[in-house]
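What follows is a single structure, written as structure tokens, with notes after it.
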Amino acid sequence: VSAALDLVTGVPDVLTPVLTAFGEARWTDEEWDDQRLVFADYRMLAARQAGEWVGNVGEFPFELTLPGGASVAASGLTMVGVLPTHRRRGLLTAMMRRQLENVRDAGEPIAALWASEGAIYGRFGYGMASLCSLLEMPADRSAFVPGVRITGRVRLRERDAALPLMRPVYDARAATRGRYLATCPAKS
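Note that the sequence shown covers residues 1380 to 1567 in the working numbering.
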């Protein structure tokens, strides 16, 4: 692979390979502004060849709860893509290897991935951890737990006002179950 691999942050053009891979157009400045909060903690490994961004692997830092309530640092792999003009040259392999080295060097014992094409990532050590399911229940066939009195009301809150209210509920549930993801402490 004759591409330079750089750790980069906050550069919209770096996302061009993955947006192209997923059939999206390059984001406008307005679209990028809408995404800035989402990407505040985003770490990206990007490949550049002849001054052009040709591939990227992104990750978000998380905490993953374990059975019994303990949690560990984890890397959430996402937005992986190589431009069609640069595929089958070892670029994805080089980026994935470097990404896993970076995760190890950061002291994160887990690298997790929710993939749209999971078969690609087995060769990098990723495997299925759980199945995903969707449950739908008709309203006329469901009810609240008997004996539980429903009180209060629902209010829509801005993010900064909602997080302090939601965090204790989420944390209490995560402490009793494994597999819960938490955003990094700086953003939660």
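For every residue, glycine included, the Cβ atom is placed at its ideal position computed from N, Cα and C.
Where do the N-terminal and C-terminal ends of the beta strand (DSSP E) with residue i fall, by residue?
i: M1423; result: 1422-1428
According to DSSP, residue i sits in a beta bridge with which residue or residues?
i: V1436; result: L1424
i: S1454; result: P1440, A1490
i: A1383; result: R1427
i: G1460; result: N1435
Classify residue i: buried if its beta carbon has 16 or more other beta carbons within 10 angstroms, exposed otherwise.
i: P1396; result: buried
i: L1535; result: exposed
i: P1488; result: exposed
i: C1454; result: Note that residue 1454 corresponds to Ser in the displayed sequence, not to Cys. Per the 10 Å Cβ criterion, buried.
i: Q1414; result: exposed
i: P1446; result: exposed
i: R1520; result: exposed
i: V1459; result: buried
i: M1475; result: buried
i: T1444; result: buried
i: E1537; result: exposed
i: M1516; result: exposed
i: M1423; result: buried
i: E1442; result: buried
Quick check on the DSSP output: the alpha helix (DSSP H) that includes residue i runs from which residue to which?
i: E1410; result: 1408-1414
i: E1480; result: 1470-1484
i: A1551; result: 1538-1553
i: C1396; result: It is Pro, not Cys, that sits at residue 1396 in the sequence shown. Its alpha helix (DSSP H) spans residues 1395-1400.
Here's a check: name, in chain order, each residue in its chain whose Cβ is nearer than 6 Å to the Cβ of residue i, leaving out the five neighbours to either side.
i: G1448; result: A1554
i: D1385; result: A1425
i: P1543; result: none
i: A1541; result: none
For residue i, I'd like the list of residues in its chain whose CB is within less than 8 Å of its CB, leaving aside the five on either flank, ordered along the chain.
i: R1532; result: none
i: P1463; result: T1399, A1400
i: A1404; result: L1398
i: D1421; result: The displayed chain sequence assigns Tyr, not Asp, to residue 1421. Same-chain partners within the cutoff: T1388, G1437, E1438, F1439.
i: F1523; result: I1529
i: W1406; result: P1391, L1394, L1398, Q1414
For residue i and residue j, which I take to be in contact (beta-carbon distance under 8 Å), what is that distance rounded to the nearest angstrom?
i: Q1478; j: L1513; result: At roughly 30 Å, the Cβ-Cβ gap does not stay under 8 Å, so Q1478 and L1513 are not in contact.
i: G1430; j: A1452; result: So it is not a contact: roughly 35 Å between Cβ atoms.
i: A1491; j: V1482; result: Incorrect: roughly 10 Å between the Cβ atoms, too far for contact.
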